[in-house]
Each structure stands twice: as structure tokens, then as C-alpha cells.
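This report refers to the structure that appears directly beneath it.
Number of protein chains: 2
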Amino acid sequence: MNANQGELTPDLIRGMTDTIVLGLLLEEDRYGYEIYKEILRRSDNTFELKEATLYASIRRLEQEGCLSSHWGEGSRGGRRRYYSVTVRGLDRYRRSLRNWTFAKQMLDRLLARTEKEAAL
Amino acid sequence: MNANQGELTPDLIRGMTDTIVLGLLLEEDRYGYEIYKEILRRSDNTFELKEATLYASIRRLEQEGCLSSHWGEGSRGGRRRYYSVTVRGLDRYRRSLRNWTFAKQMLDRLLARTEKEAAL
DNA sequence: ATCAAGTACCTTGCCTGATATAGTAGTTGG
DNA sequence: CCAACTACTATATCAGGCAAGGTACTTGAT
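Listed in order, the protein sequences are those of chains A and B. Residues in the first sequence are numbered consecutively from 93, following my numbering. Residues in the second sequence are numbered consecutively from 93, following my numbering.
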């Protein structure tokens with residue numbers, strides 16, 4: 093039944109990373125490893141956003157002023173750094189969702205003629 | 093009315109390039125510059141796949157055995173190199189469409205809770 | 001007590017692919 | 001005759017995913 097399975101290649105992930113991080117942080121403040129685990133959980137382990145990729149994204153977003161952060165208590169393991177989405181970050185998130193939608197529409201538009209054949 | 097406008101960033105384009113090239117070549121054999129122009133035309137000039145990007149994609153796909161090519165007559169300008177999609181290329185195209193769909197679903201799944209808020 | 005495993009974060013280096021920039025060559029229209 | 005267009009190529013830069021490998025702390029099992 094899972095014939096429609098796909099995989100997320102690095103080139104696709106590149107277009108999703110920041111959006112995912114911002115989206116999860118908009119729900120509530122989280123720390124890095126929590127985001128890492130949450131993505132695994134929600135995807136039933138079908139998608140792992142690598143830690144190196146995730147932490148790099150977080151740092152990038154914070155440097156751009158899209159996230160603010162503070163150290164929190166570490167219940168187990170080391171300390172945790174919690175992140176919140178800033179106003180600028182919310183704007184960034186909305187823009188990235190628009191861009192994603194735009195990309196989808198563009199692909200449909202460019203491949204209008206073949207999409208049907210490919211369904212075979 | 094064009095409030096829903098977006099833009100295609102390099103990170104998004106990365107996930108689309110090969111798919112677009114293969115899709116257009118599946119319709120009929122074309123040469124590089126033709127693909128370049130066709131993308132501009134179909135998008136009403138809202139999306140330009142840069143020549144450097146396009147030709148790089150073509151070369152990559154041909155090296156992978158997804159495209160075959162031959163020189164054709166050049167009606168105007170220099171000679172033209174025409175490309176056809178191979179069996180392997182068709183497979184690649186289908187896989188890339190599946191992956192794209194998978195990415196879209198994954199994003200919806202991961203951002204289920206925020207997607208509504210973002211619509212505001 | 002020890003030790004593997006899990007939590008939590010960070011660093012470095014490699015590699016791919018988008019893009020800027022520039023160049024070659026032929027063709028066409030004014 | 002020259003600007004503009006067609007058609008393709010080459011080089012260099014840059015961003016970001018990812019492998020690999022730390023550090024430091026906690027917990028559970030032996």
C-alpha cells in the first residue's frame with residue numbers, strides 16, 4: 093500500500109529546513125534537540141533532519157534576527173537552549189510558506205503537459 | 093490581487109531544476125536554449141532558470157545517463173544540441189515527482205498545527 | 001562502581017548545485 | 001556595419017546539507 097513512498101533528498105531539504113524550524117518554534121518555545129526529536133516523532137522516523145543541519149539552521153535564523161534564545165534548565169543531559177520566534181521570524185515563516193506554495197504552482201504550470209503522462 | 097505572490101529562492105530552485113528539465117524534454121526533444129526560453133514563456137517571465145544553472149543540470153543529467161543528445165542544425169545562432177530523455181531519465185523524472193509530493197506531504201505533516209495560524 | 005546509552009550541544013571539512021561573470025560564434029535587422 | 005539575439009561554454013564564488021567526531025552530563029542496568 094505504501095507504493096507512493098518518496099524520499100527527501102538534500103536538494104529538497106534545503107527548501108524546507110528553515111520553514112520547519114520556524115513552524116515548530118511557532119507552536120511553542122523549544123530547544124534544539126527537542127526539535128530534532130519532534131521531527132522524527134511526527135514523521136514516524138521517515139524523516140531525520142540531521143543534527144548538524146538543524147543546529148546550523150537555528151544559528152542562521154538567530155543571526156538573521158528571526159529567533160531569540162535563552163539558556164534553560166537541563167532536566168537530563170546537559171543544559172538546554174530555548175528558542176522563540178521573533179516578529180521578524182514570523183514574517184520570514186509566512187514568506188517561506190508563500191514561496192513554497194509558489195514553487196508548487198510553478199512546477200504544476202511548467203509541467204502541465206507531462207504531469208498526466210507521469211501518473212501512468 | 094497578486095497578494096499571493098512568492099519568489100523562487102535558490103534553495104527552492106535546487107529541488108526543482110532537474111524535474112523541470114526532464115519534464116520539458118519528455119514532451120519533446122529540445123535544445124538547451126529552447127528550454128531556457130520555454131520556462132520564461134510558460135511562467136510569463138516570472139521565473140528565469142539561469143542559463144548556467146540549466147546547462148549544468150543538463151550536463152549532470154546526461155552524465156547520469158538520464159539524457160542522450162546529438163547536434164542538430166542551427167537555424168539561427170550557433171548549432172543546437174538536442175536532448176532526449178532515456179528510460180533511466182523517465183524513471184528519474186517519476187522518482188523526482190514522487191519525492192516532491194513526499195516533501196509537500198511531509199511539510200504539511202510537520203507543520204500541521206501552525207499552518208492554520210499562518211493563514212491569518 | 002562501572003559502563004553503555006541517551007540527552008544536548010558544537011565544530012570541521014567535504015561536496016553539490018545555484019549564480020555571477022565573461023567569453024565564443026554565428027545570425028539577423030536596421 | 002553594428003547592436004541584439006541565438007546558442008553554448010567555462011570559471012569562480014557561495015550557501016547549505018551532511019558525515020564524522022567531539023564534549024559534558026544523566027540514567028539505568030549489571
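Glycine included, each C-beta is placed from N, C-alpha and C at the ideal position.
What are the start and end residues of the alpha helix (DSSP H) that includes residue 181 (chain A)?
Indexing the first sequence from 1 puts residue 181 (chain A) at position 89. Element bounds for residue 181 (chain A): 179 to 202.
Which residue comes first and which comes last in the alpha helix (DSSP H) that contains residue 115 (chain A)?
Translated into positions along the first sequence, residue 115 (chain A) becomes position 23. Counting along the chain, the alpha helix (DSSP H) containing residue 115 (chain A) begins and ends at 109 to 119.
Using 9 Å as the limit for Cβ to Cβ distance, is residue 163 (chain A) near chain B?
Here residue 163 (chain A) refers to the residue found at position 71 of the first sequence. Output row for residue 163 (chain A): interface = no.
Buried/exposed call for residue 110 (chain B), threshold 16 Cβ in 10 Å
Along the second sequence, read from residue 1 onward, the residue named residue 110 (chain B) stands at position 18. Buried.
Determine contact between the segment 188 to 196 of chain B and the segment 144 to 164 of chain B, defined as no fewer than three beta-carbon pairs at a distance below 8 Å.
no
With residue 164 (chain B) as the anchor, note down where its beta strand (DSSP E) starts and where it stops.
Your numbering for residue 164 (chain B) matches position 72 in the second sequence. 159 to 164 is the extent of the beta strand (DSSP E) around residue 164 (chain B).
Under 9 Å between C-beta atoms, does residue 155 (chain B) make it to chain A?
Looking up residue 155 (chain B) in the second sequence gives position 63. Cβ-Cβ to chain A under 9 Å: no for residue 155 (chain B).
Strictly below 7 Å CB to CB, what residues from chain B border residue 98 (chain A)?
Indexing the first sequence from 1 puts residue 98 (chain A) at position 6. Chain B residues near residue 98 (chain A): 190, 191, 193 and 194.
Please state whether DSSP places residue 152 (chain B) in a helix, a strand or coil.
Taking the first residue of the second sequence as 1, we reach residue 152 (chain B) at position 60. Three-state result, residue 152 (chain B): helix.
Are the C-beta of residue 115 (chain B) and some C-beta of chain A separated by less than 9 Å?
By 1-based counting over the second sequence, the position of residue 115 (chain B) is 23. Output row for residue 115 (chain B): interface = yes.
Going by C-alpha distance, which of B:97, B:170, B:139 and B:175 is nearest residue 151 (chain B)?
Taking the second sequence and counting its residues from 1, the one referred to as residue 151 (chain B) is at position 59. When only C-alpha atoms are compared, the closest one is B:175.
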